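Novice:
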Amino acid sequence: MTELTPISRKRVKVTAKKQLSGNFLSAFKANWLLIIYNIFQMIGIATLAYIIYHGYQTTGEIAYLDQQNDYFVQTITGTIGLLFTWSAKWTIVDYFQKPKEKVHWRQSLQAFRFHNFVATVMLAFVQNILLFIWSLLFIPLFIKPFSYSQTYYAYKMDLLFDRRQKSLTDYITISRKVMDGRKMELFKLELSFIGWHILGILTFGLAYIYVTPYLNTCRVVYSSQAFAYALQKGES
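Residues 2 to 237 in our numbering are what the sequence shown lists, from first letter to last.
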């Protein structure tokens with residue numbers, strides 16, 4: 002078995018900061034929709050915390066929600082959030098591929114473009130369904146999000162080079178293979194961002210104006226290195 006080459010968290014962060022240095026406006030354009038999404042998400046969390054802290058209660062009739070409908074709504078909203086996230090990361094990938102080209106605001110909507118929309122939505126939806134199924138089991142709940150984390154990058158590479166896998170689930174399979182032996186590594190990278198998320202909560206999401214471009218740039222840097230090592234491993 003070929004030993005994996007570790008990806009340094011420090012190197013990922015340094016590379017991301019170099020990419021952002023003098024290019025923050027481009028990163029902001031890539032992430033602006035996701036930034037708005039994150040700000041509203043933090044406001045929602047803060048509002049919920051306020052309600053719970055002050056002991057507000059509702060009657061059973063008002064609080065009752067049909068469980069199946071609730072799961073459906075969560076899957077739909079999760080899919081929409083994933084599309085915003087993929088669009089931001091794809092735009093960063095585009096910038097990495099062609100750093101001299103200007104980043105346009107509309108690029109942050111690329112997951113919603115007509116010619117890719119149906120396939121992209123289906124892929125995001127299938128990934129969310131699989132994550133929901135795994136969430137019914139305790140341990141896979143914390144593992145599978147990292148297994149599927151590179152789906153966006155595998156799909157984007159095919160979009161860039163005008164290729165297609167036989168099935169949309171093949172992109173999830175590629176992600177699983179790339180992340181084989183690397184899930185803990187990515188978990189530690191994400192864990193190192195916890196301070197940024199706390200800052201985001203304390204500022205009611207406003208810190209995400211900087212934090213979101215930085216974190217997503219780190220994630221794209223990590224993905225590019227993980228895929229590069231996976232290709233080397235496949236060739237050896």
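The beta carbon of each residue, even a glycine, is placed where N, CA and C say it ideally should be. This one's a predicted model, so the numbers in the text were calculated from it and none came from an experiment.
Mapping DSSP to helix, strand and coil, what is T218?
Specialist: On the sequence shown, position 217 is the one that residue 218 refers to. Helix, per DSSP.
Novice: Could you name the residues of the same chain whose beta carbon sits closer than 7 Å to that of R220, not counting the 5 residues immediately before and after it, in chain order?
Specialist: In the sequence shown, the residue the question calls residue 220 occupies position 219. Closer than 7 Å at Cβ, skipping near neighbours: K90.
Novice: Could you name the residues of the same chain whose beta carbon sits closer than 7 Å to that of F85, not counting the 5 residues immediately before and after it, in chain order?
Specialist: Sequence index remark: in the sequence shown, residue 85 carries index 84 (1-based). These residues qualify, in order along the chain: L34, L35 and Y38.
Novice: Who are the Cβ neighbours of V127 in its own chain at under 8 Å, not counting the five residues just before and after it?
Specialist: In the sequence shown, residue 127 corresponds to position 126, counting from 1. For V127, where only same-chain residues beyond five positions count, the Cβ hits under 8 Å are L169, T170 and I173.
Novice: Measure the Cβ-Cβ separation of I209 and L21 and say whether it is below 8 Å.
Specialist: Residue mapping note: residue 209 aligns to position 208 of the sequence shown, counting from 1. Residue mapping note: residue 21 aligns to position 20 of the sequence shown, counting from 1. The sequence given here has Tyr at residue 209, not Ile. Not in contact: Y209 and L21 (Cβ atoms no closer than 8 Å).
Novice: Counting along the chain, where does the alpha helix (DSSP H) carrying H105 start and finish?
Specialist: Translated into the one-based positions of the sequence shown, residue 105 becomes position 104. First-last for H105: undefined, no H or E at that position.
Novice: Can you check which of these residues, N24, P100, Q75 and R114, is closest to W87 by C-alpha distance?
Specialist: Walking along the sequence shown from the start, residue 87 turns up at place 86. Considering only alpha carbons, the answer is R114.
Novice: Candidates V13, K30 and G45: which alpha carbon is nearest Q108's?
Specialist: Residue numbering aside, residue 108 sits at position 107 when the sequence shown is read from its first letter. The shortest C-alpha separation from Q108 is found at K30.
Novice: Just to confirm, are F147 and M180 a CB contact at a threshold of 8 Å?
Specialist: To locate residue 147, count along the sequence shown from 1; it is residue 146. To locate residue 180, count along the sequence shown from 1; it is residue 179. Going by C-beta atoms, F147 is nearer than 8 Å to M180.
Novice: Mind checking whether Q98 and L192 have CB atoms under 8 Å apart?
Specialist: Here residue 98 refers to the residue found at position 97 of the sequence shown. Here residue 192 refers to the residue found at position 191 of the sequence shown. It is not a contact, given that the beta carbons lie outside the stated cut-off.
Novice: Starting from the C-beta of V13, find all residues in its chain whose C-beta is less than 8 Å away, skip the five residues before and the five after it, and write them out in chain order.
Specialist: Walking along the sequence shown from the start, residue 13 turns up at place 12. L190, C219, V222, Y223 and Q226, listed in sequence order.
Novice: For L27, collect the residues of the same chain with a Cβ closer than 8 Å to its Cβ; drop the 5 residues on either side in sequence, then sort them by chain order.
Specialist: To locate residue 27, count along the sequence shown from 1; it is residue 26. It should be noted that the sequence gives Ser, not Leu, for residue 27. These residues qualify, in order along the chain: Y96, K103 and V104.
Novice: Under 7 Å Cβ to Cβ from S150, same chain only, skipping five residues before and after it: list those, please.
Specialist: Sequence index remark: in the sequence shown, residue 150 carries index 149 (1-based). Here the set comprises S176, M180 and L187.
Novice: What number of angstroms, rounded off, separates the C-alpha of K167 from the C-alpha of D159?
Specialist: The residue given as residue 167 occupies position 166 in the sequence shown. The residue given as residue 159 occupies position 158 in the sequence shown. Between K167 and D159, the C-alpha separation is close to 12 Å.
Novice: Between which two residues does the alpha helix (DSSP H) holding A50 run?
Specialist: Taking the first residue of the sequence shown as 1, we reach residue 50 at position 49. Run containing A50: F25 to Y54, per the alpha helix (DSSP H) assignment.
Novice: My output table needs one value for P141: the three-state DSSP class, helix, strand or coil.
Specialist: Position 140 of the sequence shown, counted from the start, is the residue given in the question as residue 141. Correct three-state label for P141: helix.
Novice: Determine the closest residue to N24 out of A112, L110, T152 and P100, with distance taken between C-alpha atoms.
Specialist: Translated into positions along the sequence shown, residue 24 becomes position 23. Residue P100 is the option with its Cα nearest to N24.
Novice: In three-state DSSP terms, what is E186?
Specialist: Here the question's residue 186 lines up with position 185 in the sequence shown. Correct three-state label for E186: helix.
Novice: Compare the Cα-Cα distances from G206 to each of G45, P7, S9 and A17 and report the closest residue.
Specialist: Within the sequence shown, the letter at position 205 stands for residue 206. Of the candidates G45, P7, S9 and A17, the one whose C-alpha sits nearest the C-alpha of G206 is G45.
Novice: Determine the contact status of T80 and N129, defining contact as a CB-CB distance below 8 Å.
Specialist: As a position in the sequence shown, residue 80 is number 79, starting the count at 1. As a position in the sequence shown, residue 129 is number 128, starting the count at 1. It is a contact, given that the beta carbons lie within the stated cut-off.
Novice: Near A125, what residues of its chain come up, given a Cβ to Cβ distance below 6 Å and the 5 sequence neighbours on each side ignored?
Specialist: Your numbering for residue 125 matches position 124 in the sequence shown. If we look at A125 and ignore the five residues flanking it on each side, its Cβ neighbours are T80, L83 and L84.
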